[in-house]
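Here is the structure we will look at, set down as structure tokens.
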Amino acid sequence: GVHTIEEMAVYCRDKLNLEYLGLCDHSKTAVYANGLSIDRILKQHEEIDKLNQKLAPFKIFKGIESDILGDGSLDYPEEILQKFDFVVASVHSNIKMDEERATNRLLKAIENPYTTILGHPTGRLLLSRSGYPIDFKKIIDACAVNNVVIEINANPLRLDLDWRWQQYALEKGVRLSINPDAHRNEGFHDMQYGINVARKGGLFKEMCLNSFNLADINNYFETRIKSI
6 GVHTIEEMAV YCRDKLNLEY LGLCDHSKTA VYANGLSIDR ILKQHEEIDK LNQKLAPFKI
66 FKGIESDILG DGSLDYPEEI LQKFDFVVAS VHSNIKMDEE RATNRLLKAI ENPYTTILGH
126 PTGRLLLSRS GYPIDFKKII DACAVNNVVI EINANPLRLD LDWRWQQYAL EKGVRLSINP
186 DAHRNEGFHD MQYGINVARK GGLFKEMCLN SFNLADINNY FETRIKSI
């Protein structure tokens, strides 16, 4: 990203009146995005601990966007994944897949106990890439069974999960999370695109993970971690 962690946290607190920020850098497989090595993760967590003391009661949650590898596994070992408050699992490479392969790849990631959120499920980029085909019902059903949240990526070129599948997710009791995919402070304002899509799909506050207040989302993450 363009801004420092502290700059982004202060922007969220002072300009957007938010109670918390979920920090979610790319993982080590995403070399094109300067993804985090294990050493850099540990240093980042030390920085977050210091900032949480400095900025309290505002809180920065330790997250990562972990790449879903070709076999469906995540690209960090268990001893690293357990250090995060939340893990977003996403596909960023080897995206030319048929429906069966793509679905099975996502299913394995969803079944990983450290996966908190399934990121941009189809990998689409509007106006340039249609994304890989998936069996939406199987994916959503698996998220319901494994208590995995599905992302509504608010980047205007993604808007993924598509609004047409949000109602099915809600019927299955699957929470959604409207994530800005912000790489700089200005990117937080993309939230509005995600909110618009969520409204179109019928999402309501109680089923939107990041509409939770600080105490509730902190409890959600802690409870989920204890269940692993």
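Take any residue in the sequence shown, note its place counting from 1, add 5, and you have its number in our numbering. Think of the CB as a built atom: it goes at the ideal place given N, C-alpha and C, for glycine as much as any other residue. From a predicted model like this one, the values you see are computed outputs, not experimental measurements.
Cβ neighbour criterion (16 or more within 10 Å) applied to residue i
i	result
residue 116	exposed
residue 120	buried
residue 3	With the chain covering 6 to 233 only, the question about residue 3 has no answer from this structure.
residue 236	Residue 236 is absent from the structure shown; the chain starts at 6 and stops at 233.
residue 194	exposed
residue 165	buried
residue 95	buried
residue 160	buried
residue 215	buried
residue 48	exposed
residue 28	buried
residue 64	buried
residue 235	This structure cannot speak to residue 235, because the chain is shown only from 6 to 233.
residue 153	buried
residue 233	exposed
residue 179	buried
residue 150	exposed
Cβ shell of residue i (< 6 Å), same chain only, five flanking positions each side left out
i	result
residue 205	168
residue 163	125
residue 114	73, 77, 94 and 120
residue 198	159 and 161
residue 39	none
Nearest-angstrom Cβ-Cβ length linking residue i and residue j, presumed shorter than 8 Å
i	j	result
residue 72	residue 35	6 Å
residue 104	residue 139	6 Å
residue 222	residue 25	7 Å
residue 157	residue 220	That pair is no contact at about 23 Å.
residue 56	residue 18	About 11 Å separates the two Cβ atoms, so there is no contact after all.
residue 130	residue 155	Not a contact, Cβ separation roughly 18 Å.
residue 141	residue 170	5 Å
residue 143	residue 123	No, residue 143 and residue 123 are not in contact; Cβ-Cβ is about 12 Å, not under 8 Å.
residue 8	residue 189	6 Å
Cβ shell of residue i (< 8 Å), same chain only, five flanking positions each side left out
i	result
residue 85	43 and 46
residue 62	24 and 219
residue 196	159, 183 and 185
residue 41	30, 31, 32, 33, 49 and 69
residue 15	60
residue 230	87 and 90
residue 83	119
Residues near residue i by beta carbon distance below 7 Å, same chain, minus five either side
i	result
residue 80	32, 33, 34, 71, 72 and 74
residue 89	67, 68 and 69
residue 97	35 and 72
residue 172	206 and 207
residue 2	Since the displayed the chain opens at 6 and closes at 233, residue 2 lies outside it and no answer follows.
Per DSSP, the bridge partner or partners of residue i
i	result
residue 72	95
residue 16	Residue 16 pairs with nothing; no bridge assigned.
residue 79	73
residue 210	Looking at the DSSP assignment, residue 210 forms no beta bridge with any residue, so it has no partner.
residue 66	27
residue 32	41
Discussion item. Please give the ranges of any alpha helix (DSSP H) in the region 181 to 206, keeping only runs that are unbroken, at least 4 residues long and fully inside the region.
Written reply: Listed in chain order, the complete alpha helix (DSSP H) runs (minimum 4 residues) inside the region 181 to 206 are 196 to 206.
Item to complete: Run through the region 88 to 172 for me and flag every whole alpha helix (DSSP H) of 4 or more residues, listed as ranges in chain order.
Response: Secondary structure in the region 88 to 172: the alpha helix (DSSP H) runs of 4 residues or longer, each lying completely within the stretch, are 104 to 116 and 141 to 151 in chain order.
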